[in-house]
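Going by my numbering, the first residue of the sequence shown is number 1, and it counts up by one from there.
We put the CB at the ideal spot given by N, CA and C, even for glycine.
None of the values given here were measured: they were computed from a predicted structure.
Reading through the structure tokens given below for one structure.
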Amino acid sequence: MNKTIRRASVFTLLLVLALLGRATWVQAYEGKALADDKSNRRKIIAQYAQPLGNIIVAGSPVTGSKETKGGDLAYKREYTDGKLYAAVTGYSSQAYGATQLEGIYSHVLDGTDTRLKNPVDAVTRKQTEPGSVLTTIDPAVQKAGYEALGNKKGAAVAIDPKTGRILGMVSTPSYDPSKIAGMTDGDAWKRLTEDEDKPLVNRALRQPLPPGSTFKLVVAAAALEDGLYGSVDTATRSPNPYKLPGSTRYLENENASAPCENATIRTALRYSCNNVFAKMAVDLGQDKVKAMAEKFGFDDKELDVPVRAYASVYPSDMDKAQTALSGIGQFDVTATPLQMAMVSAAIANDGLLAKPHMVSQVVDSDGDALQSFEDGDTERIVSSATAEQLRSAMRTVVEEGTGTNASIAGLEVGGKTGTAQHGENNSKTPYAWFTSYAKDPATGKEVAVAVMIEDSGAARSEVSGNGLAAPVAQKMMKAALK
1 MNKTIRRASV FTLLLVLALL GRATWVQAYE GKALADDKSN RRKIIAQYAQ
51 PLGNIIVAGS PVTGSKETKG GDLAYKREYT DGKLYAAVTG YSSQAYGATQ
101 LEGIYSHVLD GTDTRLKNPV DAVTRKQTEP GSVLTTIDPA VQKAGYEALG
151 NKKGAAVAID PKTGRILGMV STPSYDPSKI AGMTDGDAWK RLTEDEDKPL
201 VNRALRQPLP PGSTFKLVVA AAALEDGLYG SVDTATRSPN PYKLPGSTRY
251 LENENASAPC ENATIRTALR YSCNNVFAKM AVDLGQDKVK AMAEKFGFDD
301 KELDVPVRAY ASVYPSDMDK AQTALSGIGQ FDVTATPLQM AMVSAAIAND
351 GLLAKPHMVS QVVDSDGDAL QSFEDGDTER IVSSATAEQL RSAMRTVVEE
401 GTGTNASIAG LEVGGKTGTA QHGENNSKTP YAWFTSYAKD PATGKEVAVA
451 VMIEDSGAAR SEVSGNGLAA PVAQKMMKAA LK
């Protein structure tokens, strides 16, 4: 063989090896990335090639699949009572992707999750029957919250304190996910994304706002645990009005005639005395208040239920005046309804916080569990004695104080109202809050609820936690303990 032929042969061999190497690299290392690429049409064709698995509420599916006409996508998602459950399911859209439970469990629901495949399917790459997602939602609680919120802009969350099961999660205004499930729903999508009321935002999990006076429960818990005050019936050292440290501003109370000077924690919660909890936060110091807030779940950037909730925030690096304002749930304190429901749930559950979750199991087509979520995975937040004292004070709020609209005959009910300032110098309509728990003495069943009303359309003078938020909580608690 002459030199020229030999060189050509070697060069050709190198080209073949390079092609084989590249093919191996693509298949072995880049295959998954290419398969998952959003521009890969085969992926969405496979996703909608068969009816999707379902999201289940109390044994019944709240999702379904509809056969399409024309095109290469055989099925599209549809929803039963879509607006009622949108804050739970999210949406699955051929054009716009998937969110919340639809997004988290998309591979289970479309049958591509590797856990669904048997060895033969794995080799042949046959698409298997999809699985389903079993939620913890109680349809009666969900419906009660949705109907009670009505046309108001707001959100509500109900939790079983003992198990951590989320029984209801509502965000209004809502939307029907069926309207954006297909490839030709651009007009509906545009209306939703341009709507100033942001119906696609899950306010229950993803819109932290100032919690106002509901945060006073956290400050009270810190004071009792620290020993600053021995009980909820010990007189505090609280001048009225209270002058913010380092400032010329005096902090006043909504009810000027309320007995807030040196009031006990019970009385201060009953009348929602700003001076008491602002002074208490300063006396404790921001570090102790922050430590207690974080025990309840504030500042947790990885709170998954399993949908990721935005972090509720207790700020750092405040001066004393700012610390005082944080003590009444203002300054830069923010919370989601989920977070404030967690506060009441821990107090109701004797100081133990059960990890909140709204999925009980993920199952295959035969109903066998692929993943299960434990009930009652608890963490000690405050002592049993502190929790009992706070429950007692919360009952006083409902029985004799600012939370009377949450009362339910025959049930033990405790709560805390909140009205949080909104806008510069409180120029905009305040946010109305209510966080609460209820217990049936006959059965031992319990529920904790938090409600936030962002905007009800009511005049500013008519906005209050008792007037707007407490009735929503009352209806959800009643439905849970029926």
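Residues bridged to residue i [DSSP beta-bridge criterion]
i, result
"Ile55", "Val133"
"Val201", "Val201 pairs with nothing; no bridge assigned."
"Gln361", "Leu134 and Ser372"
"Asp455", "Lys153"
"Arg7", "Note: Arg7 sits in no beta bridge, so no partner."
"Gly414", "Tyr437"
"Thr483", "No answer is possible for residue 483: the residues shown for the chain start at 1 and end at 482."
"Arg206", "None, per the DSSP bridge assignment."
"Val191", "Here the sequence assigns Arg to residue 191, which means Val is not the residue at that position. Beta-bridge pairing links Arg191 to no other residue."
"Thr334", "Val313"
"Gly97", "Ser93"
"Val447", "Ala438"
Residue i in three-state terms, based on DSSP
i, result
"Lys76", "strand"
"Phe434", "strand"
"Glu399", "helix"
"Arg308", "strand"
"Gln486", "As displayed, the chain neither begins before 1 nor continues past 482, which places residue 486 out of reach and without an answer."
"Glu302", "coil"
"Met292", "helix"
"Gln421", "strand"
"Ala409", "coil"
"Leu251", "strand"
"Arg42", "helix"
"Leu34", "Reliability fails at Leu34, whose pLDDT of 48 lies under 50, so the model's placement of it is uncertain and the value that follows must be treated cautiously. DSSP places Leu34 in helix when its eight states are reduced to three."
"Gly71", "coil"
"Ala158", "strand"
"Pro245", "coil"
"Ile166", "strand"
"Arg237", "coil"
"Ser174", "coil"
"Glu462", "helix"
"Thr378", "strand"
"Val472", "helix"
"Asn442", "The displayed chain sequence assigns Ala, not Asn, to residue 442. If DSSP states are grouped into helix, strand and coil, Ala442 belongs with coil."
"Thr128", "coil"
"Ala258", "coil"
"Leu481", "coil"
Proximity below 8 Å, CB of residue i to CB of residue j
i, j, result
"Lys143", "Leu205", "no"
"Pro471", "Asn405", "yes"
"Ile44", "Tyr96", "no"
"Met342", "Leu353", "yes"
"Lys486", "Val282", "Residue numbering for the chain in the displayed model covers 1 to 482; residue 486 lies beyond these limits and cannot be assessed."
"Asp160", "Leu149", "no"
"Phe277", "Lys216", "yes"
"Lys266", "Ala393", "Rather than Lys, the amino acid found at residue 266 in this sequence is Arg. Yes, the Cβ-Cβ distance between Arg266 and Ala393 is below 8 Å."
"Ala450", "Val413", "no"
"Met476", "Ala156", "yes"
"Thr334", "Pro210", "yes"
"Ser65", "Tyr75", "yes"
"Thr128", "Leu109", "no"
"Ser360", "Thr136", "yes"
"Leu468", "Ala459", "no"
"Thr419", "Gly212", "yes"
"Gly82", "Asp176", "yes"
"Ala221", "Met280", "no"
Nearest residue (CA-CA) to residue i, options the options
i, options, result
"Thr63", "Asp226, Gln47, Ala95 and Glu102", "Glu102"
"Gln100", "Val133, Lys295 and Leu15", "Val133"
"Glu388", "Ala309, Ser344, Met292 and Cys273", "Ser344"
"Pro356", "Gln94, Gln50, Asp440 and Glu379", "Glu379"
"Ser106", "Arg77, Gly82 and Asp81", "Arg77"
"Asp304", "Gly329, Asp287, Arg165 and Ala223", "Arg165"
"Leu390", "Ser231, Ile408, Ser238 and Ala158", "Ser231"
"Val397", "Thr214, Gln322 and Gly285", "Thr214"
"Glu400", "Thr68, Leu269, Asp72 and Gly329", "Leu269"
"Ile381", "Val313, Gly53, Thr184 and Glu294", "Glu294"
"Asp226", "Leu284, Leu200, Leu15 and Glu254", "Leu284"
"Ala473", "Lys428, Ala442, Tyr431 and Ile408", "Ile408"
"Asn54", "Asn2, Arg6 and Gly111", "Gly111"
Next item on the list: Say whether the segment 434 to 453 touches the segment 244 to 258, bearing in mind that this needs 3 or more beta-carbon pairs closer than 8 Å, one atom from each stretch.
Entry: no
Margin query: Using 8 Å as the cut-off, can you tell me whether the segment 455 to 464 makes contact with the segment 162 to 178, which would need three or more C-beta pairs spanning the two stretches below that distance?
Written below: no
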